[in-house]
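Residues 0 to 329, numbered by numbering that gives the first Met the number 0, are exactly what the sequence shown covers, in order. Okay, structure first, notes after.
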Amino acid sequence: MQPQQPPSLPPSDPPPCPPPAPPRRRTALPWQRPKAQAEEPQAERRLRAIMEHPAYREADADPAFLHEDDARGVRLQIDYLKAELVLRAHGIERTVIVFGSTRLREGATAHRELAAAREAAARQPDDAALAAALARAERRRALSRYYEVGRELGRLVAAAGIPRLAVLTGGGPGAMESANRGASEAGAATVGLNIALPHEQYPNPYVTPGLCLRFHYFAMRKLHFMKRAAAIVALPGGYGTLDELFGALTLIQTRKSAPIPVVLVGEHYWRRVLDVDFLLEAGSIDEEDRDLFWYAETAQEAWHGILEWHRRNGSALAGPHDAQAPGAQA
Numbered sequence: 000m001q002p003q004q005p006p007s008l009p010p011s012d013p014p015p016c017p018p019p020a021p022p023r024r025r026t027a028l029p030w031q032r033p034k035a036q037a038e039e040p041q042a043e044r045r046l047r048a049i050m051e052h053p054a055y056r057e058a059d060a061d062p063a064f065l066h067e068d069d070a071r072g073v074r075l076q077i078d079y080l081k082a083e084l085v086l087r088a089h090g091i092e093r094t095v096i097v098f099g100s101t102r103l104r105e106g107a108t109a110h111r112e113l114a115a116a117r118e119a120a121a122r123q124p125d126d127a128a129l130a131a132a133l134a135r136a137e138r139r140r141a142l143s144r145y146y147e148v149g150r151e152l153g154r155l156v157a158a159a160g161i162p163r164l165a166v167l168t169g170g171g172p173g174a175m176e177s178a179n180r181g182a183s184e185a186g187a188a189t190v191g192l193n194i195a196l197p198h199e200q201y202p203n204p205y206v207t208p209g210l211c212l213r214f215h216y217f218a219m220r221k222l223h224f225m226k227r228a229a230a231i232v233a234l235p236g237g238y239g240t241l242d243e244l245f246g247a248l249t250l251i252q253t254r255k256s257a258p259i260p261v262v263l264v265g266e267h268y269w270r271r272v273l274d275v276d277f278l279l280e281a282g283s284i285d286e287e288d289r290d291l292f293w294y295a296e297t298a299q300e301a302w303h304g305i306l307e308w309h310r311r312n313g314s315a316l317a318g319p320h321d322a323q324a325p326g327a328q329a
C-alpha cells in the first residue's frame, strides 16, 4: 500500500523581505560619539590619553612595535613581499645583474680628479699622503673605462628587446649607475635594489621610477638578486661586489641555485683580486668550479658570451610566460 501524499498547497506570494542595508547607516551607533561631558567631566582628557597611547595604534601603523625584536619575522616577510609584488606587477621575470664598485668613475670625472691630485702633489712633492692619493687617482682613471663597458652592456641588454628581461643593479652610483644608465638611454625599464644604511645615500638617477626598491635586510636583497637572475656581470669592485659575487658562486657551486652565466669584466683586475688557480692548487675548490665564470673585456664580449651560454644550455633569457616569443631563446 502506497503512503498517502499530503494535499498540495495553493500557490502563495513570496514572503516579504526588507530592502538591502545601505552602505552607510542611517542611525549612528553608540560608539560613534564620545561619552558626553555632562556624564563624565574628565571624558575628553581620558579619551585623549587612551587614543594617543601607542598601544591603541593599529599594528601596521605602529613603527615602535614593528621594530621590536619579536616582530623581526614580520619585517623579513614584508621586506621580501613588497619587492616581489612590485617586480611581478611590472612583468619582470628575468634579470641581467650588474655588480661593481660604487667608486667607479665616469671618464670625465676621473680625469678631473686626476688633474686635481696631480696639482696637489706637485705643490707638496714630499707629502706621502698626497702621493698616495695621486696613485689612487691614476688607477681610478685607468679603471674608468669600465664605466663605459657597463653603460654599453645596459644598452645591449635593453636593445635586445627580450620580453620580461631587465637590467638589475644595486641601484647605487659607479658601476651600478653605468648599467642602469645604458638601459635607460635605450628606453628600457631598469631596476635598482637599494639597501637602507646608517648614513644618507641616494639611488642613481637612471633607475626607472617605481623600480627602485629599498631593503632593510641584506638577506632579502640578496634573495631578490638571485631569484630572477639569468646572468651576472661583475665590473671591477670591492667588498660589496665580492660579497655578492662569492654568494652567487657558492649558490651555483652547491646547485642551491641553477647554474647561470657569470662574467668578470676586466681580467687583469680580477686575476689580482681572485687567484682561482691558487684555490684549485690548494684543493680548496674542484676543477669544475673554475669554470663557473669567465672573463671579458668589452660589453659585446660579455653579452655575446651570455647569449652563447644560454644557447648551449638550451635555456631562455625571457621569462617563462614568453618562452616561445621571438628572441626568447638565447
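Think of the CB as a built atom: it goes at the ideal place given N, C-alpha and C, for glycine as much as any other residue. Please read all numbers here as calculations on a predicted model, not as lab measurements.
Within the chosen definition, does the segment 143-159 reach the segment 81-88 through at least 3 CB pairs nearer than 8 Å?
Short answer: they don't touch.
Neighbour-count burial assignment, arginine 310, 16 or more Cβ in a 10 Å radius
In the sequence shown, the residue the question calls residue 310 occupies position 311. By the neighbour-count rule (16 or more Cβ atoms within 10 Å), arginine 310 is not buried but exposed.
Pairs of beta-carbons, one from the segment 230-241 and one from the segment 168-175, closer than 8 Å: are there three or more?
Three or more Cβ pairs drawn from the segment 230-241 and the segment 168-175 lie within less than 8 Å of each other, which places the two stretches in contact.
Exposed or buried, what is proline 15 when buried is set at 16 or more other beta-carbons lying within 10 Å of its beta-carbon?
In the sequence shown, the residue the question calls residue 15 occupies position 16. Counting Cβ neighbours within 10 Å, proline 15 comes out exposed, since fewer than 16 surround it.
Pull up the distance between the alpha-carbon of alanine 141 and that of aspartate 68, whole angstroms please.
One-based indexing of the sequence shown puts residue 141 at position 142. One-based indexing of the sequence shown puts residue 68 at position 69. The alpha-carbon atoms of alanine 141 and aspartate 68 are separated by roughly 46 Å.
According to DSSP, residues forming a beta bridge with cysteine 211
Taking the sequence shown and counting its residues from 1, one reaches residue 211 at position 212. For cysteine 211, the pairing in a beta bridge is given by DSSP as Gly191.
Helix, strand or coil: which one does DSSP assign to isoleucine 161?
Against the sequence shown, residue 161 aligns to sequence position 162. Coil at isoleucine 161, not helix or strand.
Using a Cβ distance threshold of 8 Å, determine whether the segment 217-227 contacts the segment 239-247, with at least three qualifying pairs required.
Yes, since at least three Cβ pairs between the segment 217-227 and the segment 239-247 fall closer than 8 Å, the two stretches touch.
Pick helix, strand or coil for phenylalanine 217, following the three-state DSSP scheme.
Taking the sequence shown and counting its residues from 1, one reaches residue 217 at position 218. DSSP, reduced to helix, strand and coil, places phenylalanine 217 within a helical segment of the structure shown.
Can you give me the C-alpha to C-alpha distance between valine 261 and glycine 99, rounded to a whole angstrom?
Numbered from its first residue, the sequence shown carries residue 261 at position 262. Numbered from its first residue, the sequence shown carries residue 99 at position 100. C-alpha separation (whole angstroms): 13 Å.
I need the straight-line Cα distance from alanine 60 to glutamine 76, nearest angstrom please.
The count along the sequence shown starts at 1 and reaches residue 60 at position 61. The count along the sequence shown starts at 1 and reaches residue 76 at position 77. CA-to-CA, the gap between alanine 60 and glutamine 76 works out to about 16 Å.
Which same chain residues, not among the five before or five after tyrosine 146, have their C-beta less than 6 Å away from its C-beta?
Here residue 146 corresponds to residue number 147 of the sequence shown, with the count starting at 1. Closer than 6 Å at the Cβ level, and outside the excluded window around tyrosine 146, lie Leu103, Glu105 and Ser177.
Between leucine 164 and leucine 192, how many whole angstroms is the CB-CB distance? I'm expecting something under 8 Å.
Taking the first residue of the sequence shown as 1, we reach residue 164 at position 165. Taking the first residue of the sequence shown as 1, we reach residue 192 at position 193. About 16 Å separates the two Cβ atoms, so there is no contact after all.
May I ask you to verify whether the segment 191-206 touches the segment 105-123, counting CB pairs closer than 8 Å and requiring at least 3?
Output reads no: the segment 105-123 does not touch the segment 191-206.
Beta-carbon proximity list for alanine 42, same chain, < 8 Å, skipping 5 on both sides:
Indexing the sequence shown from 1 puts residue 42 at position 43. Within the same chain, Pro33, Lys34, Ala35 and Gln36 come within 8 Å of alanine 42 by CB-CB distance, once the 5 residues on both sides are set aside.
Answer with buried or exposed for proline 325, where buried requires no fewer than 16 other C-beta atoms within 10 angstroms of its C-beta.
Numbered from 1 along the sequence shown, position 326 holds the residue referred to as residue 325. Bear in mind that a pLDDT of 35 at proline 325, under 50, signals an unreliable position, so the number given afterwards is only what the model happens to contain. Exposed: under 16 other Cβ atoms inside 10 Å.
Distance, Cα to Cα, leucine 248 vs tryptophan 293?
To locate residue 248, count along the sequence shown from 1; it is residue 249. To locate residue 293, count along the sequence shown from 1; it is residue 294. Near 12 Å, if we compare the C-alpha coordinates of tryptophan 293 and leucine 248.
Whole-angstrom Cβ separation of tyrosine 268 and aspartate 78, contact assumed at under 8 Å?
Sequence index remark: in the sequence shown, residue 268 carries index 269 (1-based). Sequence index remark: in the sequence shown, residue 78 carries index 79 (1-based). About 33 Å separates the two Cβ atoms, so there is no contact after all.
Since glycine 313 contacts proline 162 with CB under 8 Å, what's their CB separation in whole angstroms?
By one-based count along the sequence shown, residue 313 stands at place 314. By one-based count along the sequence shown, residue 162 stands at place 163. The beta-carbon distance between glycine 313 and proline 162, rounded to whole angstroms, is 18 Å. This is too long to meet the 8 Å contact definition.
Compare the C-alpha of proline 295 against each of Glu112, Lys226, Asp285 and Gly149 and name the closest.
Walking along the sequence shown from the start, residue 295 turns up at place 296. Note that residue 295 is alanine in the sequence shown here, rather than proline. For the options Glu112, Lys226, Asp285 and Gly149, the alpha carbon positioned closest to that of alanine 295 is the one of Gly149.
With 16 other Cβ atoms within 10 Å as the buried cut-off, status of glutamate 266
If you number the sequence shown from 1, residue 266 lands on position 267. With a threshold of 16 other beta carbon atoms within 10 Å, glutamate 266 falls short and is exposed.
Per DSSP, which residues does threonine 297 bridge with? Please list them.
The residue labelled residue 297 in the question sits at position 298 within the sequence shown. Looking at the DSSP output, threonine 297 sits in no beta bridge, so it has no partner there.
Return the first residue and the last residue of the alpha helix (DSSP H) that leucine 80 is part of.
Translated into the one-based positions of the sequence shown, residue 80 becomes position 81. Start and end: 71-88.
Reference isoleucine 259; option with closest CA among Thr94, Arg144, Asp12 and Arg56
Mapped onto the sequence shown, residue 259 falls at position 260. The alpha carbon of isoleucine 259 has as its nearest neighbour, out of Thr94, Arg144, Asp12 and Arg56, the alpha carbon of Thr94.
Between which two residues does the alpha helix (DSSP H) containing threonine 108 stretch?
Position 109 of the sequence shown, counting from 1, holds the residue named residue 108. For threonine 108, the uninterrupted alpha helix (DSSP H) run begins and ends at 106-122, by DSSP.
Quick check on DSSP: helix, strand or coil for leucine 152?
Within the sequence shown, residue 152 is the residue found at index 153, counting from 1. Look at leucine 152 here: in three-state DSSP terms it is helix.
Verify whether the separation of the beta carbon atoms of alanine 132 and alanine 116 is less than 7 Å.
Counted from its first residue, the sequence shown places residue 132 at position 133. Counted from its first residue, the sequence shown places residue 116 at position 117. A contact, by the Cβ cut-off of 7 Å.
Cβ of isoleucine 305 within 7 Å of Cβ of alanine 230?
By one-based count along the sequence shown, residue 305 stands at place 306. By one-based count along the sequence shown, residue 230 stands at place 231. For the 7 Å CB-CB criterion, isoleucine 305 and alanine 230 form a contact.
Is it buried or exposed, proline 19, if we count other Cβ atoms within 10 angstroms and call 16 or more buried?
Sequence index remark: in the sequence shown, residue 19 carries index 20 (1-based). Exposed, because fewer than 16 other Cβ atoms sit within 10 Å of the Cβ of proline 19.
Grab the span of the alpha helix (DSSP H) containing alanine 141 for me, first residue to last.
Position 142 of the sequence shown, counted from the first residue, corresponds to residue 141. Under the DSSP assignment, alanine 141 falls in the alpha helix (DSSP H) whose first and last residues are 127-142.
Specify the secondary structure class of threonine 94 as computed by DSSP and reduced to three states.
Position 95 of the sequence shown, counted from the first residue, corresponds to residue 94. In the structure shown, threonine 94 falls within a strand segment according to DSSP collapsed to helix, strand and coil.
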